Structure formats: structure tokens, C-alpha cells
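First up is the structure itself, then whatever we jot down about it.
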Amino acid sequence: MKRVQHPVRNRLLDALSAHDRGLLAHHAEAYGLEAGEILFEPGQDVLHVYFPGPGSIASLLLDLREGATAEAAMIGQEGAVGGIVSDGNKPAFARGAVQVAGTALRVPIEALEAAKQRSPTLRDHFARYADCLLAQVLQSVACNAVHDLDARLARWLLSTQDRIGGRDLRLTQQFIAEMLGVQRSYASRIIGDLEKKGIIATGRALVTIRDRRRLEGEACECYAYLRRHYQRVLPGVYPMPE
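Going by UniProt numbering, the residue at position 172 of the sequence shown is 172; the numbering climbs one at a time, nothing skipped.
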């Protein structure tokens with residue numbers, strides 16, 4: 001992780017008032033994040049909050065006893081990762097990992113908590129985001145329990161595109177399978193079906209969304225539910241598709 005000098009924009013922070021942004025501005029440092037970089041491990045005290053910039057994606061990951069890894073939440077420019085729900089330095093339950101390289105603003109937990117104490121509106125803003133993050137986790141639980149992989153995969157691709165902001169997603173099929181908690185052969189078959197329908201195209205470590213409207217038709221209702229919840233609780237924060 002290296003400091004960068006250019007500005008980093010984050011939609012969750014941009015939605016704050018100028019006064020509330022000012023409470024955090026002096027504590028926010030911009031960093032470049034590499035794919036695979038670990039932000040914190042389970043059991044570690046979380047000392048910083050990371051606010052991903054456009055195109056950056058981090059995930060909260062859970063390690064299962066049989067060796068598999070499951071994604072509990074995907075976080076991009078609409079949110080923050082690391083201690084956003086707790087008050088102060090609490091041990092992490094999940095691993096925070098960078099999935100798509102980019103940039104992020106990093107703020108010490110102490111600075112965020114002090115700002116919350118000084119501003120009720122800032123405190124309410126982050127409480128609303130915590131509600132949205134919890135909604136994402138709960139929706140994922142229900143989705144994984146009920147919906148078929150083809151619908152889940154379509155939902156996951158749409159969510160990824162929202163955060164990256166373009167048609168080209170630099171992802172391997174192995175990575176997609178790991179995030180969905182399935183074997184690569186299973187995920188590759190579903191990806192192949194979407195490609196045959198002309199909805200996506202694939203290349204080396206690349207998935208291109210060719211027909212987003214049809215991809216939305218392939219996805220389960222969980223995608224639309226979560227977007228509507230964000231719009232109700234934090235209007236304008238969740239990135240709208242192009």
C-alpha cells in the first residue's frame with residue numbers, strides 16, 4: 001500500500017455536507033491498493049476505515065473450515081470498509097481484502113469516532129450506511145440459500161459493474177467462482193451460457209458486459225432490492241449504471 005498524491009473521490013463521503021467532510025478531511029490520506037492486498041485479518045483490531053475510489057473494490061471474506069472462502073459483502077465507491085459499524089477499535093470478524101485494484105481514502109478509526117461525536121448529521125449518515133451494509137449481508141444470505149447459481153452470478157456481475165463503472169471487468173473465472181463459493185467448472189458453465197446468449201463476452205482475465213438489460217433479466221430480485229434500499233436510506237450514494 002503506497003500513498004498517492006492525486007484526489008480520490010468516494011460517493012459516501014461526497015454525500016456529506018461540506019462541514020461534515022471538513023471534520024474528516026485533515027485525517028484522510030489517499031492510498032493505492034493492489035489486488036489481493038489484505039486490509040485486516042479476523043481477530044485483528046481494526047485501526048482504519050477505507051473509502052474506496054471509483055473502480056476499486058474490497059470485500060469482506062469468511063474462511064470456511066473446509067478451505068473455501070465466501071464473500072459476505074462487496075464494497076466499492078458507494079461505501080467504506082473497516083470498523084464502520086463499531087464504535088472504536090473492535091476485532092474484525094471477517095477478512096478485509098482488496099479484490100479490484102485502485103485507490104482509497106484511509107481515515108483512522110479514532111478520527112472518525114471523534115467526528116461522529118461532534119456532528120449528529122455525520123453520525124446519522126454513517127449509521128445509515130451501516131444499515132445498507134447489513135442489508136447487503138442479509139440479502140446475500142437469503143440469495144445464497146434460495147437462488148440458483150445462474151441468477152446469483154448475474155447479480156454479482158451487475159454489482160461489480162456498478163462499482164467499477166465500465167463494461168470491461170478485469171476478472172478471472174477462478175476469482176468469480178471463489179467469490180460465489182463454487183467450483184470453477186460450475187461457474188465457467190454458467191458464464192459460457194451467458195456468453196452464448198450474447199449477454200457477456202469473455203477474454204483472458206476479462207468479462208465484458210455486452211447487454212446489461214438482459215443481464216438484469218437473468219439476475220434474481222436481490223439485486224434490485226438492495227439498490228432500492230440504498231436509494232431509500234442514502235439517496236444518490238449507490239452508483240447508477242451507465
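Using N, Cα and C, we set each Cβ at its ideal position, and we do this for glycine too.
Note that the structure is a prediction, hence the values are computed from the model and not measured.
I'd like the list of long-range same chain contacts for residue 194, defined as Cβ closer than 6 angstroms, with 5 residues on each side in sequence excluded.
Counting from one through the sequence shown, the residue named residue 194 turns up at place 194. Here the set comprises 200.
Take residue 226 as the anchor and find which of 150, 131, 26, 18 has the nearest alpha-carbon.
Residue mapping note: residue 226 aligns to position 226 of the sequence shown, counting from 1. Looking at the Cα atoms, 131 is the closest of the given residues.
Report the rounded CA-to-CA distance for residue 208 versus residue 155, giving the unit in angstroms.
What you label residue 208 is simply residue 208 of the sequence shown in a count that begins at 1. What you label residue 155 is simply residue 155 of the sequence shown in a count that begins at 1. The alpha-carbon atoms of residue 208 and residue 155 are separated by roughly 15 angstroms.
Relative to the alpha-carbon of residue 6, which residue among 28, 12, 19 has its alpha-carbon at the smallest distance?
Within the sequence shown, numbered from 1, the residue matching residue 6 stands at position 6. Taking only the C-alpha atoms, the option nearest residue 6 is 28.
Going by Cα to Cα distance, which pick from 124, 38, 182 is closest to residue 144?
The residue you call residue 144 lines up with position 144 of the sequence shown. The residue with the shortest Cα to Cα distance from residue 144 is 182.
Taking just the CA atoms, how far does residue 57 sit from residue 10?
Within the sequence shown, numbered from 1, the residue matching residue 10 stands at position 10. Within the sequence shown, numbered from 1, the residue matching residue 57 stands at position 57. Cα-Cα distance, rounded: 12 angstroms.
Leaving out five residues on either side along the sequence, give the residues of the same chain with a beta carbon under 7 angstroms from the beta carbon of residue 168.
To locate residue 168, count along the sequence shown from 1; it is residue 168. Taken in chain order, the residues that qualify are 206, 208.
Quick check on the DSSP output: the alpha helix (DSSP H) that includes residue 203 runs from which residue to which?
The residue you call residue 203 lines up with position 203 of the sequence shown. Run containing residue 203: none in the alpha helix (DSSP H); it sits in the beta strand (DSSP E), 200-203.
Hey, how far is the Cα of residue 14 from the Cα of residue 100?
Indexing the sequence shown from 1 puts residue 14 at position 14. Indexing the sequence shown from 1 puts residue 100 at position 100. When rounded, the distance between both Cα atoms is 21 angstroms.
If I follow the unbroken alpha helix (DSSP H) through residue 217, where does it start and stop?
What you label residue 217 is simply residue 217 of the sequence shown in a count that begins at 1. Element bounds for residue 217: 212-218.
With a floor of 3 residues, list each beta strand (DSSP E) that falls wholly inside the stretch 96-139, ordered by position along the chain.
Runs of beta strand (DSSP E) with 3 or more residues, each lying fully within the stretch 96-139, are found at 102-108, listed in chain order.
Below 8 angstroms on the Cβ atoms is my guess for residue 198 versus residue 210; work out the distance and round it to an integer in Å.
If you number the sequence shown from 1, residue 198 lands on position 198. If you number the sequence shown from 1, residue 210 lands on position 210. Correct: roughly 6 angstroms between the Cβ atoms.
Within 10 angstroms of its Cβ, does residue 45 collect 16 or more other Cβ (buried), or is it exposed?
Numbered from its first residue, the sequence shown carries residue 45 at position 45. So residue 45 ends up on the exposed side.
Does DSSP classify residue 12 as helix, strand or coil?
Walking along the sequence shown from the start, residue 12 turns up at place 12. Looking at residue 12 - three-state DSSP - the assignment turns out to be helix.
Excluding sequence positions up to five away, which residues of its chain have a Cβ less than 8 angstroms from the Cβ of residue 4?
Counting from one through the sequence shown, the residue named residue 4 turns up at place 4. Excluding positions up to five away in sequence, the list reads 30, 31, 32, 103.
Would the beta-carbon of residue 49 fall within 8 angstroms of that of residue 72?
As a position in the sequence shown, residue 49 is number 49, starting the count at 1. As a position in the sequence shown, residue 72 is number 72, starting the count at 1. Residue 49 is not a Cβ neighbour of residue 72, given a cutoff of 8 angstroms.
Under the three-state reduction of DSSP, which class applies to residue 37: helix, strand or coil?
Within the sequence shown, the letter at position 37 stands for residue 37. The answer is coil: DSSP assigns residue 37 none of H, G, I, E or B.
Cβ atoms of residue 51 and residue 12: under 8 angstroms apart, would you say?
Working through the sequence shown from its first residue, we reach residue 12 at position 12. Working through the sequence shown from its first residue, we reach residue 51 at position 51. Cβ atoms of residue 12 and residue 51: closer than 8 angstroms.
Using DSSP bridges, identify the partner residues of residue 59.
Counting from 1 along the sequence shown, the entry for residue 59 is found at position 59. Answer is 74, 97.
Alpha carbon to alpha carbon, what distance is there between residue 152 and residue 180?
In the sequence shown, the residue the question calls residue 180 occupies position 180. In the sequence shown, the residue the question calls residue 152 occupies position 152. Their backbone Cα atoms lie some 8 angstroms apart in a straight line.
Tell me which residue opens and which closes the alpha helix (DSSP H) that residue 229 is part of.
The count along the sequence shown starts at 1 and reaches residue 229 at position 229. From DSSP, the alpha helix (DSSP H) with residue 229 extends over 222-233.
Alpha carbon to alpha carbon, what distance is there between residue 61 and residue 170?
On the sequence shown, residue 170 is found 170 positions in, with the first residue counted as 1. On the sequence shown, residue 61 is found 61 positions in, with the first residue counted as 1. Spanning the two alpha carbons is a distance of roughly 19 angstroms.
Check for me: the beta strand (DSSP E) holding residue 209 runs from which residue to which?
In the sequence shown, counting from the first residue as 1, residue 209 sits at position 209. Where residue 209 is concerned, the enclosing beta strand (DSSP E) stretches over 206-209.
Determine whether the beta carbon atoms of residue 59 and residue 92 lie at a separation below 8 angstroms.
As a first step, residue 59 is located in the sequence shown; it is residue number 59 there, counting from the start. As a first step, residue 92 is located in the sequence shown; it is residue number 92 there, counting from the start. No, the Cβ-Cβ distance between residue 59 and residue 92 is not below 8 angstroms.
What's the gap between the Cα of residue 162 and the Cα of residue 190?
Position 162 of the sequence shown, counted from the start, is the residue given in the question as residue 162. Position 190 of the sequence shown, counted from the start, is the residue given in the question as residue 190. Taking the straight line from one Cα to the other gives about 21 angstroms.
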